[in-house]
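>
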Amino acid sequence: MIDHLLSIVSLIIIVLAFLFAYRKNFGVTLALLISNFAIFIISSLYPEVIFDLGFKPTYLYGNPTRLYTLVTTMFLHADLSHILGNMITLFFLGIPFERRVGWKKFSLIYFISGMGGAVLYSIINPKPVLLIGASGAIFGILGAFALAYPFDEIIMPLPVFFVAFLTRIKVIYAAIFFGFLEIAFSFFSSSYDNVAHVAHIGGLLTGIVLSHVLLRERKVRVGIVEYRNLEEISNDVRLIDRIRYESIPEVRNEWMREFIKNYRCPYCGGKLKIFRGNIYCKRCDVIFR
């Protein structure tokens, strides 16, 4: 059980960040950034939070009351370089991917990948060591992104010796680069480097599997569907309702332009356009009306 009040406060911060993101429609990625930095400040001042919310592989084998830490451990980081590296990567990787797939699928892939990485690490190394950080979840996003939209370009921090440079790169090349890097580190780095490379690999593989299940491109033509189907990729119900019920064509077109600027087709991930007064996806031939 959670023994410290500050750990409970940390959990409340996570919930509030996601509720605020939902109500204000600014995305799960930004909610993750805010909550991670907030909890990093708390855990830096009060390290007992890390022991309350951090995950240990031994919890899988005999302490089911602590399995909630499979999720909470993704919000903990060891030091400033740890959280900055993860959050910078999440910012540049998460925002474009969330716009591609919507906040629901993004959230599923993020959290399940983080848990998948922790579980794989626990199977290979079932020792009572603290496993903290969002790296497994972020690697899951990278793997899912690379499989679903391999040639999208993103900005990523690429390490050159001991310095990371922000570089524009296609997602598939970033996934291959970091995947091989983590495999190499898992074999050749010291066991005392305090980095769970196997968890990173586990997150990457979990993301790839989830991408295949959740983001497979649909080959069939979808046809005409209702505007409420757009809620699969956006929780901005107010904007969708404005598009549905606005009677003045010029105003309605402005609402549609606002929507297609930030979102893609919920069926294939294709770019949305305005066609004859409706939102249209050419790739899967779907008209929203």
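Numbered continuously in the numbering used here, the sequence shown closes out at residue 294.
Glycine included, C-beta positions come from ideal geometry on N, C-alpha and C.
1. What do you get for residue 106, buried or exposed, if any count of 16 or more other CB atoms within 10 angstroms of its CB means buried?
2. Reducing DSSP to helix, strand and coil, say where residue 225 ends up.
3. What are the uninterrupted segments assigned as beta strand (DSSP E) that are 3 or more residues long and contained completely in the stretch 133-194, given in chain order?
4. Less than 8 Å between the CB atoms is what I'm expecting for residue 187 and residue 213, so what's the real figure, rounded?
5. Which ranges would you report for the alpha helix (DSSP H) in the stretch 49-98 if only whole runs of at least 4 residues count?
6. So residue 293 is in the beta strand (DSSP E); what residue range does that whole segment cover?
7. For the beta strand (DSSP E) holding residue 272, just list the boundary residues, first then last.
8. Do residue 145 and residue 114 have their C-beta atoms within less than 8 Å of each other?
9. Return the chain-ordered list of same chain residues with a C-beta closer than 7 Å to the C-beta of residue 104, the five sequence neighbours on each side being excluded.
10. Which value, in whole angstroms, describes the spacing of the CA atoms of residue 165 and residue 193?
11. Can the beta-carbon of residue 48 be found closer than 8 Å to that of residue 19?
12. Would you kindly report the start and end of the unbroken alpha helix (DSSP H) that includes residue 126?
Well, looking at it:
1. Mapped onto the sequence shown, residue 106 falls at position 101. Classification of residue 106: buried, given that the 10 Å Cβ count is 16 or more.
2. Position 220 of the sequence shown, counting from 1, holds the residue named residue 225. The predicted model places residue 225 with a pLDDT of 41, which falls under 50 and marks its position as unreliable, so this point remains unresolved.
3. 158-165 and 168-175
4. Sequence index remark: in the sequence shown, residue 187 carries index 182 (1-based). Sequence index remark: in the sequence shown, residue 213 carries index 208 (1-based). Not a contact, Cβ separation roughly 13 Å.
5. 53-58 and 74-77
6. Start at 1 with the first residue of the sequence shown, and residue 293 comes out as number 288. Unbroken beta strand (DSSP E) run through residue 293: 291-293.
7. The residue labelled residue 272 in the question sits at position 267 within the sequence shown. First-last for residue 272: undefined, no H or E at that position.
8. In the sequence shown, residue 145 corresponds to position 140, counting from 1. In the sequence shown, residue 114 corresponds to position 109, counting from 1. Their beta carbons are under 8 Å apart, which means residue 145 touches residue 114 by this criterion.
9. For the purposes of this step, residue 104 is taken as the residue at position 99 of the sequence shown. Contacts found: 267, 268 and 269.
10. Position 160 of the sequence shown, counted from the start, is the residue given in the question as residue 165. Position 188 of the sequence shown, counted from the start, is the residue given in the question as residue 193. Roughly 18 Å between the two C-alpha positions.
11. Counted from its first residue, the sequence shown places residue 48 at position 43. Counted from its first residue, the sequence shown places residue 19 at position 14. Cβ atoms of residue 48 and residue 19: not closer than 8 Å.
12. Translated into positions along the sequence shown, residue 126 becomes position 121. From DSSP, the alpha helix (DSSP H) with residue 126 extends over 108-129.
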